[in-house]
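Structure, as structure tokens:
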Amino acid sequence: MEVDQLRYFLRVAERGNFTRAAEELKISQPALSRSIQKLEEELGQPVFERKTRSVALTEAGTLLQARAQQILSLIEDTKAEISDDGRSGQIRIGAIPTIAPFFLPDLLRQFSAEFPAASIIVQEDTTEKLLKRCTQGEVDLAIVALPVPARYLEVEELFQEELLLVLPPEHPLVNKPQIRLNDIKNYPFVLLDEAHCLSDNIVSFCRQRSFHPVAVEQTSQLAMVQELVSLSHGISMIPQMARKLDQSDRRVYRSISGTKPVRKIAMVWNPYRFQSRLLQAFQERLRVYASQQDACPTSRK
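Letter by letter, the sequence shown follows residues 1 to 301 in UniProt numbering.
Right, dumping it as structure tokens:
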């Protein structure tokens, strides 16, 4: 049984398809099929149930999946621990799309200047997928918005930021001295689709105050939410970090009076994986950088 066989097996198991797995692994499909076939011959039974356009794990495959993840994680951690000098190496950072482009660039520039021999790979994805990658060791650290269903993962709250109301310039609420939640409940909203936790933050805040925002449009990108608001398709709420980078005069941002909608930002990692000195250094720089984003950083957990 070879390490590459286990790696190939896990990719097929994750994708449920030999063709997609081969493309991502950058090998031919026949070569991938032969590798899996040899693995099955060694085990004496199939690990996949072949279907017309997909594959599913057999009982033996399910057991092998758990063991293969442990074996590869142990190999990766051993190599990382042996080569750990605290200055060089690779860090894999995950972040959700409503955080990555607004929060990470300056932090990464500062860290790269201090640690020029370090390589940082950024993966942008939904919270659910990032938590899975953290658990499996594919991501060393994820930056997400709370709450998160993080079993077997360490969660440290970093700071909280306000969600600002965004309106088109001609909206009747623009000239109102104070905008309260009751003022916006009858207006249609433009929200991110259900895969993004920002919409959950907004809907949850509104529901706790006895109204449910009606979403007339949903999109997958925050920039599109802002553009649709500019075109008077509806109103929305945008994180403070995204507002700081928006120089357009086609949108107006206002803070809601009274209890303000906020989201809490946290870092998540797998405490059962080896934590390199370089990763620990990144975590410390992240804490300092996060404390500068909020005048009243939330207490550590």
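For each residue, glycine too, the CB sits at the ideal point set by N, CA and C.
Around the beta-carbon of Phe205, 16 or more other beta-carbon atoms lie within 10 Å, marking it buried. With 16 or more neighbouring CB atoms inside 10 Å of its own CB, Ser236 falls in the buried class. Annotation for Val229: the continuous alpha helix (DSSP H) segment containing it runs 222-230.
The beta-bridge partner set that DSSP reports for Val214 is empty. Phe211 sits exposed, since fewer than 16 C-beta atoms from the chains shown fall within 10 Å of its C-beta. Beta-bridge analysis with DSSP links Leu165 to Met237, Arg254. Note on Glu59: under 16 other CB atoms within 10 angstroms of its CB, so exposed under the neighbour-count rule. Under the three-pair Cβ rule at 8 Å, the stretch 162-171 counts as touching the stretch 228-248. In the structure shown, Phe189 adopts extended strand secondary structure according to DSSP, grouped into three states. Judged by DSSP in its simplified three-state form, Val203 adopts helix. Gln65 is positioned such that its CB atom lies closer than 8 Å to that of Ala13.
Relative to the Cα of Pro261, the nearest Cα in the group Arg207, Glu194, Pro97 belongs to Arg207.
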